[in-house]
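Each remark here refers to the structure printed beneath this line.
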Amino acid sequence: MKINNPKVTLADEARVGVKEELRSGFLDWLHQFSVIGDDGELYSLGGSILSMHLEQMDLVSITIAKGKGGCRQLPNSIYKIGEFPGMLHEKMFRNPAGTLKIETREHSILVSCGPQYQVECFEDNSWHLLVDTMDGEYKADLWHRPQYAPLWYGRETPSFLTQHSVTYGYNWAGAVEGRIIVDGKQVNVKGMGIRERYVAVDSSAAELGGWEDWGWVAFNEIHSSLYDMRLGMKDFAMYDLQTGRYYPEGKLTIVHEDWVFLRELDGFIPMTYKISIDVEDGLYEVEAHTCNATTWGATHKVPDMPVATLTFDRVEGRFTSNDGIVRVLTGGRGTMSVRQWHAYPSILPRELYSDSSEEVRCETKFDTL
97 MKINNPKVTL ADEARVGVKE ELRSGFLDWL HQFSVIGDDG ELYSLGGSIL SMHLEQMDLV
157 SITIAKGKGG CRQLPNSIYK IGEFPGMLHE KMFRNPAGTL KIETREHSIL VSCGPQYQVE
217 CFEDNSWHLL VDTMDGEYKA DLWHRPQYAP LWYGRETPSF LTQHSVTYGY NWAGAVEGRI
277 IVDGKQVNVK GMGIRERYVA VDSSAAELGG WEDWGWVAFN EIHSSLYDMR LGMKDFAMYD
337 LQTGRYYPEG KLTIVHEDWV FLRELDGFIP MTYKISIDVE DGLYEVEAHT CNATTWGATH
397 KVPDMPVATL TFDRVEGRFT SNDGIVRVLT GGRGTMSVRQ WHAYPSILPR ELYSDSSEEV
457 RCETKFDTL
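Numbering (this note's numbering), first residue to last: 97 to 465.
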């Protein structure tokens, strides 16, 4: 979304309300980072404060995934099965409304929700996150530093994902550094990631259509974040660090390839993303490959639409300017969260759920919104 002044202020970081009639209010301060540790491991770090007005609840969600996986071909079948390390640790803290605190300081806003999650938002647009599961399993001290301006959902005026889903806020890709402590071991980490500041009047997953992509892909030269409602709105923002150009408008196209069935999700995911964004000065093209998939959410109920976050390991890109000059992009990484139609077991073959090497339990497997 293109807006008059896209620069983020502390008022945006602290925003808690909208002008529209409040039917079901959501607030969040979220992060999803992809980083490499000084131990050589790939980590996917996530978490959020999610305040829900209707439920009178302030949630803290903390997740960490580690490592890479892949897929295997089922014998005598056309199907492939995804086999990933999944989530290393996942914690959710359900707090009563009022736990969320916003403190105005001289040059920053401090947002906290109990001792597990706090984020200080500074005037230079950096975020400092302190996250702690409080049980010794995971602790993080992380900085997120983006460039110029984000993908806006809405600011002066809202974005309408559907007829009644009214949203304000942004998501923003940027550089990440800091340290984590996992099961007592300290690891220094560096990479990239997205953060989100979100205010919504209402939300309905049932209106999303067949598929939703929400995430980011970033390189040393270009940062980008994107949102693609397959049957509805498509939006993105790009910032070229080498030229200083910011692109909030253009044509976004995503092609999914190499589908595999993820048993933990009860649904299919793509192993390959091909993303193209056509902007004023040229064409941005990305090919990204899934190396881990984790289910996520907030309610401990099997949904009508599965939700997962995909972590990419191999991310290649280039930018072809209008004069034909091609820049090969370096240091690529990214993550993508997806929502899709539920793949009901009654219409899928049994081999997707079990084979000769294992039995798959049918109990509730994951949390979801």
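Using N, Cα and C, we set each Cβ at its ideal position, and we do this for glycine too.
Here the structure is a predicted model, which is why all the values come from computation and not from measurement.
Beta-carbon proximity of residue i to residue j, cut-off 8 Å
i: Leu141; j: Ile160; result: yes
i: Arg429; j: Ser130; result: yes
i: Ile350; j: Asp374; result: no
i: Ala404; j: Leu448; result: no
i: Asn221; j: Leu247; result: no
i: Tyr213; j: Val278; result: no
i: Thr386; j: Met367; result: yes
i: Thr415; j: Gly378; result: Before going further, note that residue 415 is Phe rather than Thr in the sequence given. Taking 8 Å as the Cβ cut-off, Phe415 and Gly378 qualify as a contacting pair.
i: His319; j: Tyr343; result: no
i: Ala193; j: Asp154; result: yes
i: Asp134; j: Val227; result: no
i: Leu225; j: His203; result: no
i: Ala384; j: Phe357; result: no
i: Gly143; j: Ile158; result: yes
i: Gly178; j: Ile365; result: yes
i: His352; j: Tyr369; result: yes
i: Glu317; j: Arg423; result: yes
i: Gly311; j: Met432; result: yes
For residue i, three-class secondary structure by DSSP
i: Asp154; result: strand
i: Glu376; result: coil
i: Leu138; result: strand
i: Leu448; result: helix
i: Ala193; result: coil
i: Ala245; result: coil
i: Asp220; result: coil
i: Glu109; result: helix
i: Leu170; result: coil
i: Pro366; result: strand
i: Thr426; result: coil
i: Arg326; result: coil
i: Arg472; result: In this structure the chain extends from 97 to 465, so residue 472 is not present and cannot be described.
i: Gly143; result: strand
i: Pro102; result: coil
i: Glu292; result: strand
Backbone CA spacing between residue i and residue j [nearest angstrom]
i: Gly274; j: Thr105; result: 24 Å
i: Val313; j: Met97; result: 18 Å
i: Thr426; j: Arg446; result: 42 Å
i: Phe189; j: Ala236; result: 16 Å
i: Thr253; j: Asn172; result: 54 Å
i: Arg251; j: Ala271; result: 24 Å
i: Lys103; j: Gln243; result: 10 Å
i: Val398; j: Leu337; result: Annotation note: pLDDT 47 at Val398 (below 50); position unreliable, coordinate value reported separately. Their Cα atoms are separated by approximately 42 Å.
i: Leu206; j: Glu199; result: 5 Å
i: Trp125; j: Arg201; result: 18 Å
i: Glu219; j: Arg291; result: 16 Å
i: Val508; j: Glu308; result: Only positions 97 to 465 of the chain appear in the structure, and residue 508 is not among them; the question remains open.
i: Ile276; j: Lys330; result: 34 Å
i: Tyr139; j: Asp354; result: 23 Å
i: Gly165; j: Gly265; result: 34 Å
i: Ala394; j: Leu170; result: Residue placement at Ala394 is poorly supported in this model, since its pLDDT is 48, which falls under 50; the coordinates still yield a value, given next. Cα-Cα distance, rounded: 32 Å.
i: Tyr249; j: Val114; result: 13 Å
i: Gly363; j: Gly328; result: 21 Å
Residue interval of the alpha helix (DSSP H) (run including residue i)
i: Glu179; result: It is not in any alpha helix (DSSP H) - Glu179 instead sits in the beta strand (DSSP E) that spans 176 to 179.
Start and end residues, beta strand (DSSP E) containing residue i
i: Asp419; result: Looking at the DSSP string, Asp419 is not in any beta strand (DSSP E), and its letter there is neither H nor E.
i: Thr339; result: Note, Thr339: premise wrong, no beta strand (DSSP E); not H, not E.
i: Arg275; result: 262 to 278
i: Glu353; result: 347 to 358
i: Leu206; result: 204 to 209
i: Ile132; result: 122 to 133
i: Met97; result: From DSSP, Met97 is part of no beta strand (DSSP E); its letter is neither H nor E.
i: Gly311; result: 307 to 314
Rounded Cβ spacing between residue i and residue j (contact assumed at less than 8 Å)
i: Val156; j: Cys209; result: 5 Å
i: Glu412; j: Arg293; result: Not quite, the Cβ-Cβ distance comes to about 30 Å (not below 8 Å), so this is no contact.
i: His149; j: Gly289; result: Actually they do not touch by this definition, with Cβ atoms about 27 Å apart.
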